[in-house]
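Enquirer:
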DNA sequence: GATGAATGAGAATTCATTCAT
DNA sequence: TATGAATGAATTCTCATTCAT
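Protein chains in written order, with our numbering: chain A, 1 to 196; chain B, 1 to 196; chain C, 1 to 196; chain D, 1 to 196.
1. Quick check: the Cα distance between residue 15/B and residue 61/B, rounded to an integer number of angstroms?
2. Less than 8 Å between the CB atoms is what I'm expecting for residue 158/C and residue 171/D, so what's the real figure, rounded?
3. Please classify residue 46/D as buried or exposed, where buried requires at least 16 neighbouring CB atoms within 10 angstroms.
4. Compare the C-beta of residue 190/C against all C-beta atoms of chain D and say whether one is closer than 9 Å.
5. Using 10 angstroms around the beta-carbon of residue 64/D, count the other beta-carbons present and answer buried if the total reaches 16, otherwise exposed.
6. Alpha carbon to alpha carbon, how far is residue 162/B from residue 66/B? Give it in angstroms, no decimals.
7. Who are the near neighbours of residue 181/C in its chain, counting only those whose CB is closer than 6 Å to its CB and skipping five residues on each side?
8. Give the secondary structure of residue 81/C by DSSP, where H, G and I count as helix, E and B as strand, and everything else as coil.
9. Quick check on the burial criterion: 16 or more other C-beta atoms within 10 angstroms. Buried or exposed for residue 22/C?
10. Quick one: Cα of residue 137/D to Cα of residue 188/D, how far?
11. Taking residue 43/A as the reference, which of 20/A, 149/A and 58/A has the closest Cα?
12. Let me know the secondary structure DSSP gives residue 173/A once reduced to three states.
13. Going by other Cβ atoms of all chains shown within 10 Å of its Cβ, with 16 needed for buried, is residue 122/C buried or exposed?
14. Between the stretch 126–145 of chain B and chain A, which residues of the former have a C-beta closer than 7 Å to a C-beta of the latter?
15. Take residue 17/A as the anchor and find which of 30/A, 166/A, 50/A and 169/A has the nearest alpha-carbon.
16. Please report how far the alpha carbon of residue 190/A lies from the alpha carbon of residue 174/A, in whole angstroms.
17. For residue 54/C, does the count of other Cβ atoms within 10 angstroms reach 16, so buried, or fall short, so exposed?
18. So, is the C-beta of residue 194/A closer than 9 Å to a C-beta in chain B?
19. Count the other CB atoms within 10 Å of the CB of residue 113/A; is the residue buried (16 or more) or exposed (fewer)?
20. Between the alpha carbons of residue 34/C and residue 9/B, how many angstroms are there, rounded?
21. Could you please give the first and the last residue of the uninterrupted alpha helix (DSSP H) stretch that includes residue 46/D?
22. Give the residues of chain B in contact with residue 162/A, contact being defined as C-beta atoms less than 7 Å apart.
23. Give me the chain A residues within the contact set of residue 166/B, using Cβ-Cβ distance strictly less than 7 Å, ordered along the chain.
24. What three-state label does DSSP hand residue 141/C in the structure shown?
25. Counting only beta-carbon separations shorter than 9 Å, does residue 29/C have a partner in chain D?
26. Could you tell me whether the Cβ of residue 102/C comes closer than 9 Å to any Cβ of chain D?
27. Quick one: residues in its chain with C-beta nearer than 6 Å to the C-beta of residue 132/C, no 5 flanking neighbours on either side, listed in chain order?
28. For residue 147/B, which of helix, strand or coil comes out of DSSP?
29. Under the assumption that residue 90/D contacts residue 178/D (Cβ atoms under 8 Å), give the Cβ distance between them as a whole number of angstroms.
30. Closer than 8 Å, Cβ to any Cβ of chain B: which residues of the stretch 31–48 of chain A, in chain order?
31. Measuring straight from C-alpha to C-alpha, what distance separates residue 52/D and residue 37/C?
32. Taking Cβ positions only, does residue 171/A come closer than 9 Å to chain B?
33. Let me know the secondary structure DSSP gives residue 180/A once reduced to three states.
34. So what does DSSP say about residue 128/A, is it helix, strand or coil?
35. If the cut is a Cβ gap below 7 Å, which residues of chain C does residue 71/D touch?
36. Can you pull the chain B residues whose beta carbon is under 8 Å from the beta carbon of residue 85/A, in chain order?
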């Protein structure tokens, strides 16, 4: 029982560090974030950090791994099951925007670069690693015309990043953002024109 | 004449710092970049940095100002003269990709986050400040349908960032990148399908 | 118990810094003293200084506060209880010279200005802040004739500083210094003439 | 003629540095004063400083020498000619207070230690070097009773320093200060009581 | 000589990491 | 294991001094 309690606490501490690190990386980026920033956002003491992670790099990697193991597979499955380009796009953008909303990336920094969403964030790096592969497979299945998959996945990633920032600023939900991005990729600005 | 030589050297040193700072910011981002990194990328001594700039923030601002004073006005003019959405898009994307090519953003860092183009870079922040205003004006002129300009400019920025990274990796020129992005915004994936 | 030991060590380190700072300020004065000088006079590492004080100014202030809270009240009480001018003077000078002896201000520097007692020392600034007020009160009680209290307190301070330096050089105790200063203020050079 | 002009300029520059250095030393003390502070208080360029003085120490020494060669001899002569203790004291204090007034030591610093007159100033160090010797001679001549000359000269120096600060704050001339100090040394607080 | 930019040693400060408790 | 103070290397910045013009 004591062991159980301990295990629980251990797990909770590790989780607390991961949550704090996500917030701090989103806020400051990997480069500017310090271990102190992370631990300050936690009820723990500085030394405790090193009971769970060897370094800042390791937390970064751990977040990346976590995302890669939980969110990415779900997303890959949805994409694999997509019957149309629209489903593929809506699933991809929808998952990303919902993830961003869930993270509640409250940007509060006053640094000059903080005016835009941080890309040097573990989730983001992990999250889009699989996109191109999925896109290639979708092209092979005939969901998409034969477009350069590097450029297309890059464009999707860019739209996702920037639109998500707008979404947070505006406080709107994930749905409008998803619909906008999906329509843009399906039909360009014509498809975005208001009906009528 | 003596003064002339001195002025020249002075100007050259300032320029050397600016060039080095651009490279370092592109490499590491604002947060992770250090003044030492900048000065190390220069033949100058450490103290010399402070003859020209008070801090890292100040170089950042100086680059931003320079970009805002040189590139942005040209871009704004081209956009103002655009007769069609295609011209507007091609001018915007073309200018950005050519700028990126000119900067030769040789990504060489080994830090985990460096795998993607840095957005917290002075040029980028400055460069897209004016886009939304130009877009609103273009919508008013009837070049674009009545699309949410926040979302649309965000999408353009995102595509520009990410495509430019691909462009650099692939070593292709600015033209293919510009054409891809323009076509995407004009007609979506259908417009991107290879002819035939 | 664990906490007790830690607290002790913490307190000891803070004390070590304060002691070293006193010595360094006495040696070099506030202006020339560096944080490095202080920490070098200590077995601690450079970063440890900043666990206790934010800056040189803050140690200075801390010493001043300490003096103001311990020595000054005792001195004020003795002065308030003085029944004669002689008691007032002897208490003031006696306290100061004893304080200086206790500090063991071993002047050892080789800088040109170090040949005289440093006045820009936190103890000294704090110590004489209250003198004039006490003097005014003593004049009101009739202990002193109606002398300009600004000049009189200034003169007392000056004599205290300079005599204390002589005292240290000569290695004599506080008593002769106190007697000399008291006699000087009571009756001038006549009162200082050796008996007979 | 050209040579004459140059000589003049040379002399003027040297003088400008000396004047500026006096002010800066009085303001900040030797330790905190920087060569930049001195040169900033001058119309000259930084490099020019080193055409006249090898270092900060050397200006300090130069001021000391100048004082020792001009003011001290006059003072020594006056003291040697003094027929009474009062003349000796009045000459000593009078000379010092007039010197301080002439220097116009406008204290304007905001540093914690700046609230009192700087003693680590070349003039002060030089000026009181000769006092004790003169005092010993005066005792030998019978002007003063047989008082410990170390203590007595220290007391005179201290009173001179501190009273001069009061004098400057109050904006009164040198005469009241001289009279106060002289009376104090002649007869103590009794001699300072207002007549009647 | 005069100038003022360049230099680089050194001072102030931060921060990842260690370690005694 | 948790703690948080200590550590010292790395960073930012200052300043005496040099040197090309």
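Beta carbons: idealized from backbone N, C-alpha and C, even for Gly.
Expert: Reading it off the structure:
1. 14 Å
2. Their Cβ separation, rounded to whole angstroms, is 20 Å, which puts residue 158/C and residue 171/D out of contact at 8 Å.
3. exposed
4. yes
5. buried
6. 23 Å
7. 93, 159 and 163
8. coil
9. buried
10. 23 Å
11. 20/A
12. coil
13. buried
14. 144 and 145
15. 50/A
16. 22 Å
17. exposed
18. yes
19. Low per-residue confidence applies at residue 113/A: pLDDT is 41, beneath 50, and the placement is therefore not dependable, though the value from the model is reported in the following sentence. Answer is buried; the Cβ neighbour count reaches 16.
20. 36 Å
21. 46–52
22. 154, 155, 157 and 158
23. 150, 151 and 154
24. coil
25. yes
26. no
27. 149 and 153
28. coil
29. 6 Å
30. 31, 32 and 33
31. 31 Å
32. no
33. helix
34. coil
35. Those do not exist, as residue 71/D stays about 18 Å from chain C at its closest Cβ, beyond 7 Å.
36. 189
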